[in-house]
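Peer 1:
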Amino acid sequence: MPGIARPDDVRRQNQWIILMALRRQGLLSRTEISALTGLSASTVTVITNTLLERGMIIAESMPESPATRRGRPQVRLGLNPAAASVAIVVVTLNRMYAMIADYSGKTVATTMDRSRTKGVTGQSIAHAAVHALKSLTEQTSNLTGPLQSILVSVEGIVDSASATLMWSPFIDDSNVPLKDTLESAFSVPTSLCNDCTLIAEALRWSEPAQYGDNFAAVLLSNGIGMGLYLGGKPFSGIRSSAVEFGHVTYQPQGSLCRCGRRGCIEAYAGSYAIWRRANGLSCDEVTVIEPPDNGMAQIAERARAAEGIERQAFREAGLAVGSGLANLFAIIDPFPVAIVGPGVTAIDLMRPAILEALEGAGFGQPFRDDMLGSRIDEVSLICEGGVMRSLTALDASLPEFFESGIQRTGTEPR
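Note that the numbering used here has the sequence shown beginning at -19, numbered continuously upward.
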């Protein structure tokens, strides 16, 4: 017997639908909101009036000609930037990015620190994140609303509670309690997320026609990662974030991977792996943590110029990625794939091999060339995805905040 929907639940869902329309479209009149959402005019009026009273949205007058002016002036509604703010921290190999975004999704302040991550403790990285965010919140205290949440993006595996960094190639420690450290310092809800999941989140917001309910984002960087959407929801494992595409086996007992195993896709397609092979280094050791500046560009130039070990290295990388996707498609069926990250600068050298490995994948449901797209700047996508995930989670929890007004954990909205 189906459950009976409570009025409070219906109002919460309708409120979330209206806020999502404003997030996707920007300024909208009540009539436009009703048309986009399918909600009745009266429902839209009641909910938007409540949101206006509580300072979550603002009204902007619409220009009208004297001939058409009748009754109350027409307004467009939009999200109030000063209602709240969220923080995103991106931790990757030897780099930490931090940013603050307002309630409308606009970036208010950013910072980037080139700090060593290998050879230091996980607690040191947690304290570095606290220091970076404290600096940003002090800078933005008069520019935006109170901080309501922190989201930490990491390269690696996060537990199912989004609290602990279980393993990552960028540090030596495991089971690092980043959530606890940040929540203790800022007294706001904090969560961890795999970086590739946030890349997929950003693509779904920015290019919904191409990346809708079912697609994958594959990160080509020093490591190889994947963000996966299935049935309109981000896919994760039973106990962890999972989707460790880079550590799927490509060649059993093959080249050594940073994870300590052999034959992973990453051991052939990661930047360090391409660098290793192109320079004739042993595949039995991970001797290069990160290729030098311009090192990969120089290898790519040599690969484009003539047949040789460099071109073979990029071809092997493409075959590794394509074979991994082909295995995935054999289980799920083909869907669009976005290749993202610094490796995209050499996608012309890998794309033919990727498509070669994908030829015939899907058993009657072929993967078409136009299903393979690419974007270079993964950090901006991670930040964008982190902001949207944080703000939509805040939108969904607003009724709880409304019981006593939105929680003031920082400066009052201005």
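We treat Cβ as the ideally placed atom computed from N, Cα and C, and that holds for glycine.
Which first and last residues belong to the alpha helix (DSSP H) in which Arg(-9) is found?
Peer 2: Looking at the DSSP string, the run of the alpha helix (DSSP H) that includes Arg(-9) is -13 to 5.
Peer 1: Please go through the segment 307 to 342 and give each complete alpha helix (DSSP H) segment of 4 or more residues, from N-terminal end onward.
Peer 2: Runs of the alpha helix (DSSP H) inside the segment 307 to 342: 327 to 338.
Peer 1: I'd like the list of long-range same chain contacts for Thr11, defined as Cβ closer than 8 Å, with 5 residues on each side in sequence excluded.
Peer 2: These residues qualify, in order along the chain: Ala21.
Peer 1: Identify whether Gly353 lies in helix, strand or coil by the three-state DSSP scheme.
Peer 2: In the structure shown, Gly353 sits in a strand (DSSP, three-state: E or B).
Peer 1: If you draw a straight line from the C-alpha of Val223 to the C-alpha of Trp147, how long is it?
Peer 2: About 13 Å.
Peer 1: Report the rounded CA-to-CA distance for Pro316 versus Asn307, giving the unit in angstroms.
Peer 2: When rounded, the distance between both Cα atoms is 15 Å.
Peer 1: What residue ranges within the segment 19 to 98 form continuous alpha helix (DSSP H) runs of no fewer than 4 residues, ordered along the chain?
Peer 2: Within the segment 19 to 98, the complete alpha helix (DSSP H) runs of at least 4 residues are 21 to 33.
Peer 1: Can you name the start and end residues of the alpha helix (DSSP H) that Ser186 belongs to?
Peer 2: Counting along the chain, the alpha helix (DSSP H) containing Ser186 begins and ends at 175 to 186.
Peer 1: What distance in whole Å lies between the Cβ atoms of Ala197 and Leu172, which are believed to be in contact at a cut-off of 8 Å?
Peer 2: That belief does not hold up - the Cβ atoms of Leu172 and Ala197 are roughly 18 Å apart, past 8 Å.
Peer 1: Beta-carbon within less than 7 Å of Val(-10)'s beta-carbon, same chain only, minus the 5 sequence neighbours each way: which residues are those?
Peer 2: Nothing meets the Cβ criterion.
Peer 1: Let me make sure I understand the geometry here. Which of Glu287, Thr101, Ala318 has the alpha-carbon closest to that of Arg348?
Peer 2: Among Glu287, Thr101, Ala318, the Cα nearest to that of Arg348 belongs to Ala318.
Peer 1: For Ser129, report the span of its beta strand (DSSP E) as first-last.
Peer 2: Run containing Ser129: 127 to 134, per the beta strand (DSSP E) assignment.
Peer 1: Using a Cβ-Cβ cutoff of less than 6 Å, which residues in the same chain neighbour Pro379 once the five nearest sequence positions on both sides are dropped?
Peer 2: Correct list, in chain order: Arg(-8).
Peer 1: Can you list, in chain order, the residues of its chain whose CB lies under 8 Å from that of Ile(-2), leaving out five sequence neighbours each side?
Peer 2: Ile13, Thr17, Leu19, Val24, Ile27, Thr28, Leu31.
Peer 1: Going along the chain, which residues of its own chain have a beta-carbon closer than 6 Å to the beta-carbon of Gln231, five neighbours each way excluded?
Peer 2: Counting only Cβ-Cβ distances below 6 Å, and skipping sequence neighbours, we find Gly243.
Peer 1: Indicate whether at least one CB of chain B lies closer than 8 Å to the CB of Thr117.
Peer 2: Going by chain labels, chain B is absent from the structure shown, which holds only one protein chain.
Peer 1: Would you mind stating whether Ile105 and Gly366 have Cβ atoms separated by less than 8 Å?
Peer 2: Going by C-beta atoms, Ile105 is not nearer than 8 Å to Gly366.
Peer 1: Answer with buried or exposed for Leu210, where buried requires no fewer than 16 other C-beta atoms within 10 angstroms of its C-beta.
Peer 2: Its Cβ having fewer than 16 others within 10 Å, Leu210 is exposed.
Peer 1: Which whole runs of the beta strand (DSSP E) in the segment 243 to 315 are 3 residues long or more, in chain order?
Peer 2: Counting only runs of 3 or more, we get nothing.
Peer 1: Please name the residue in Val228, Leu59, Glu281, Cys263 whose C-alpha comes closest to that of Ala300.
Peer 2: Among Val228, Leu59, Glu281, Cys263, the Cα nearest to that of Ala300 belongs to Val228.
Peer 1: Could you give the first and the last residue of the continuous alpha helix (DSSP H) run that contains Leu236?
Peer 2: Premise fails: Leu236 is in no alpha helix (DSSP H) and is neither H nor E.
Peer 1: Taking the Cβ atom as the reference point for each residue, do Asn174 and Val132 lie within a distance shorter than 8 Å?
Peer 2: No, the pair does not count as a contact, with Cβ atoms beyond the cut-off.
Peer 1: Spatial neighbours of Ser384 within its chain, please: C-beta separation below 7 Å, excluding the five flanking residues on both sides.
Peer 2: Note that Ser384 scores 43 on pLDDT, short of 50, meaning its location in the model is unreliable and no value can be drawn from it.
Peer 1: Please tell me whether, using a cut-off of 7 Å, the distance from the CB of Met92 to the nearest non-hydrogen atom of the ligand GTP is below it.
Peer 2: The ligand GTP is absent from the structure shown, which contains no ligand whatsoever.
Peer 1: Assign Phe347 to one of three DSSP states: helix, strand, or coil.
Peer 2: It is coil, neither helix nor strand.
Peer 1: For Val198, which of helix, strand or coil comes out of DSSP?
Peer 2: Three-state result, Val198: strand.
Peer 1: Report the three-state DSSP secondary structure of Ser104 (helix, strand or coil).
Peer 2: Note: Ser104 maps to helix in three-state DSSP.
Peer 1: Evaluate contact between the segment 279 to 292 and the segment 253 to 262, counting only Cβ atoms and requiring at least three cross-stretch pairs below 8 Å.
Peer 2: The segment 279 to 292 is in contact with the segment 253 to 262.
Peer 1: Identify whether Leu145 lies in helix, strand or coil by the three-state DSSP scheme.
Peer 2: It is a strand residue.
Peer 1: Does DSSP put Leu113 in a helix, in a strand, or in coil?
Peer 2: In the structure shown, Leu113 sits in a helix (DSSP, three-state: H, G or I).
Peer 1: If we count Cβ pairs, one from each stretch, closer than 8 Å, do we get three or more for the segment 188 to 196 versus the segment 153 to 164?
Peer 2: No, the segment 188 to 196 is not in contact with the segment 153 to 164.
Peer 1: Mapping the DSSP letters down to three states, classify Ile218 as helix, strand or coil.
Peer 2: If DSSP states are grouped into helix, strand and coil, Ile218 belongs with coil.
Peer 1: For Thr124, which of Met79, Gly212, Arg184 has the nearest alpha-carbon?
Peer 2: If we check each option's Cα against that of Thr124, Met79 comes out closest.
Peer 1: Glu181 and Pro214: beta carbons closer than 8 Å?
Peer 2: Cβ atoms of Glu181 and Pro214: closer than 8 Å.
Peer 1: With distance defined between alpha-carbon atoms, name the residue in Tyr248, Asp328, Ser262, Ala337 nearest to Ala280.
Peer 2: The residue with the shortest Cα to Cα distance from Ala280 is Asp328.
Peer 1: So, under 8 Å CB-CB, Val70 and Ala81 are touching, yes? Tell me the CB distance rounded to an integer number of Å.
Peer 2: That belief does not hold up - the Cβ atoms of Val70 and Ala81 are roughly 13 Å apart, past 8 Å.
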